[in-house]
Amino acid sequence: MTTILWFRRDLRLADNPALDAALAKAQPVVCVYILDDADAGAWRPGGATNWWLAGSLAALDAALTKRGNRLVLRRGPAEDEIAKLIDETGAEAVLWNRRYEPWAVKRDERIKSAIKARGLTAESFNASLLAEPWTLATQKDNPYRVFTPFRRALYASGEPQRPTRAPKKIPALKTLPPSDDLTAWGLLPTAPDWAGGFRTAWQPGEAGAHRRLDYFLDGTVFDYRTGRDRPGIVGTSRLSPHLHFGEIGPRQIWHAATARSMAQTGSPMGQGVDTFLSEIAWREFSYHLLFHFPTLPEQPLRSEFTDFPWRNDAKGLAAWQRGMTGYPIVDAGMRELWTTGWMHNRVRMIVASFLIKDLLLPWRAGEEWFWDTLVDADLANNAASWQWVAGCGADAAPYFRVFNPTLQGEKFDPDGRYVRTWIPEIAKLPDKLIHTPWKATPLELAEAGIRLGRDYPHPVVDHAGARLRALDAYRTMGSD
DNA sequence: TGAAATGTTGGGGCG
DNA sequence: ACGCCCCAACATTTC
170 MTTILWFRRD
180 LRLADNPALD
190 AALAKAQPVV
200 CVYILDDADA
210 GAWRPGGATN
220 WWLAGSLAAL
230 DAALTKRGNR
240 LVLRRGPAED
250 EIAKLIDETG
260 AEAVLWNRRY
270 EPWAVKRDER
280 IKSAIKARGL
290 TAESFNASLL
300 AEPWTLATQK
310 DNPYRVFTPF
320 RRALYASGEP
330 QRPTRAPKKI
340 PALKTLPPSD
350 DLTAWGLLPT
360 APDWAGGFRT
370 AWQPGEAGAH
380 RRLDYFLDGT
390 VFDYRTGRDR
400 PGIVGTSRLS
410 PHLHFGEIGP
420 RQIWHAATAR
430 SMAQTGSPMG
440 QGVDTFLSEI
450 AWREFSYHLL
460 FHFPTLPEQP
470 LRSEFTDFPW
480 RNDAKGLAAW
490 QRGMTGYPIV
500 DAGMRELWTT
510 GWMHNRVRMI
520 VASFLIKDLL
530 LPWRAGEEWF
540 WDTLVDADLA
550 NNAASWQWVA
560 GCGADAAPYF
570 RVFNPTLQGE
580 KFDPDGRYVR
590 TWIPEIAKLP
600 DKLIHTPWKA
610 TPLELAEAGI
620 RLGRDYPHPV
630 VDHAGARLRA
640 LDAYRTMGSD
């Protein structure tokens, strides 16, 4: 008899409960990944996601090959492909690790009952979360809507299970079922090849994930509390895309981080580790919200925002997307995103505040752009975070919290290192002007070789005025 | 995981 | 020496 192991957002061999359960059966395991773009509705994977997926699948296949197995690739509605695979292999069990997107939950339920209706085994596991969304609730048995009590409950739910190691061998069928060719899926960009910057920035796959984690825990984490706000240095873990694809899981991260903290400081949550794990808790909170409020990606959680007077400004949106707003810290972030598929978290907050409050454009426009361009695009995190900035989400930022892009730049990129990396055309400006090129005198501009309005744009909005406009719009909404 | 406006305090210049 | 003003520095409040 045979077991089908259905890989999804759990592209790893260590700490993979479905894989462990498959091996426990001591039967051949057919490992499969199904490209199912029929079901995700508006939330089909974007270009950056597909780029990462291609690399991650190749890495997973290589890891399986080392262990005497292969990854079978199939494309089509998952329920059809699973049914075909059962026919082709005579499998009597299908195992997988759970996903939590509304469309995936529904689809997986259908598939599970279809398999059971055939008298076969279908079983799912938790590989992605410290606490699955239905395991935590408030005293009144409601889903959490505020982060701090959520985190308290999460931490109180006990130490995460100890992660298991990657198996040395995964028994295979003598003859594998037919597999697609990965390159034929066309996940990688061709003309133009926009992924050059991605390749230098990232190593998709489980090995790359552990390399990142080790590097982070070797030192960065102990300065995390302040270092995480400095986009000009590597002050964060950069694990987000690896986490999104399940190349590493939060249990592994939690145990590795607390162990390292214990060794270094004598306490499991010492130095920056507590702050870092808090970010892991935010991720859990986002999944909790998405599961309990499945319209989170489309609808404001606070209904009074439904008729918010967002502007419609194609030019403004395009300026934001291309990193041509005239505010260096905003533009640097948007270009980092475009070039590498990732943006520093502090800068994500700045650019999001700028789109929403300065340009008064709908948070959905930002959500969609991030969805297409981020290698860590994650339905739960993306939706929850955009709603948080817009003020319409759970435990959201108060409406009057408007980031000043100049002050944020001067505070968190004081030497202009980040800005100069991504906006070379203004790199020669002195530090005191690097976040305010419009304040430079003609002489200073000439010395830096900049023609403002040609080499680099004038600010698309005046921040002070835009701030007042936003406060006005938010107040109007409240009084209706 | 803000920033601006407004209020308060205290040192120093100066008549 | 004293009172007045200025304003930086810090605190509080308001959005």
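The numbering of the first sequence is the numbering used here, which starts it at 170 and goes up by one.
Virtual Cβ for every residue (Gly too), placed ideally from N, Cα, C.
Got a sec, what are the start and stop residues for the alpha helix (DSSP H) residue i sits in?
i	result
F460	442-461
E579	574-581
R515	514-522
P681	In the structure as shown, the chain starts at 170 and stops at 649, and residue 681 therefore has no counterpart that could be examined.
M503	497-509
N219	216-235
G396	393-396
K484	483-491
H411	409-413
A193	186-193
G377	375-386
T317	316-325
F367	365-370
Y587	586-591
Starting from residue i, follow its DSSP beta bridges and name the residues at the other end.
i	result
R243	I203
T172	V198, A262
L621	Y625
A425	DSSP lists no partner for A425.
Measuring straight from C-alpha to C-alpha, what distance separates residue i and residue j?
i	j	result
W557	A565	4 Å
N185	N266	8 Å
H513	I449	16 Å
W540	Y587	23 Å
D482	G535	13 Å
R491	P346	45 Å
G578	I255	56 Å
A228	L222	10 Å
P358	T509	14 Å
V403	A364	21 Å
H461	W511	28 Å
K281	S522	42 Å
P373	S225	5 Å
V629	A609	17 Å
V442	T434	10 Å
Y568	L530	14 Å
A642	T304	39 Å
Exposed or buried, residue i, counting other C-beta atoms within 10 Å across all chains shown (16 or more means buried)?
i	result
E505	buried
Q308	exposed
F367	buried
A550	The sequence shown places Asn at residue 550, not Ala. N550 is buried by the Cβ-count criterion.
R452	buried
N238	buried
L204	buried
M518	buried
M170	exposed
Q421	buried
F385	buried
W423	buried
E328	exposed
W212	buried
W532	buried
T389	buried
E250	buried
R480	exposed
Using a Cβ-Cβ cut-off of 7 Å (strictly less than) and excluding sequence neighbours within five positions of residue i, which residues of its own chain qualify?
i	result
P437	T427, S430, M431
F581	D398, R399, P400, R515
L621	P606, W607, L614, H627
E473	M646
A596	R589
E349	For the sequence presented, residue 349 should be read as Asp rather than Glu. The answer, listed in chain order, is L242, R243, R244.
Kindly list the residues whose CB is nearer than 6 Å to the CB of residue i, restricted to its own chain and excluding five residues on each side of it in sequence; keep chain order.
i	result
F454	F316, F319
T444	Y393, R394
D208	W272, R276
I339	V198, R236, N238
T575	H604, T605
T290	A262
F572	I519, S522
A217	G510, T542, L543, V544
A370	T509
G585	D600, I603
Following the continuous beta strand (DSSP E) through residue i, name the residue where it begins and the one where it ends.
i	result
T290	290-294
Skipping 5 residues on each side, what residues in its chain have a beta carbon closer than 8 Å to that of residue i?
i	result
S297	R178, D179, N266, R267, R268, Y269, G415, G418, P419, Y456
Cβ-heavy atom distance between residue i and the ligand GDP below 8 Å?
i	result
G585	This structure lacks the ligand GDP; in fact it carries no ligand of any kind.
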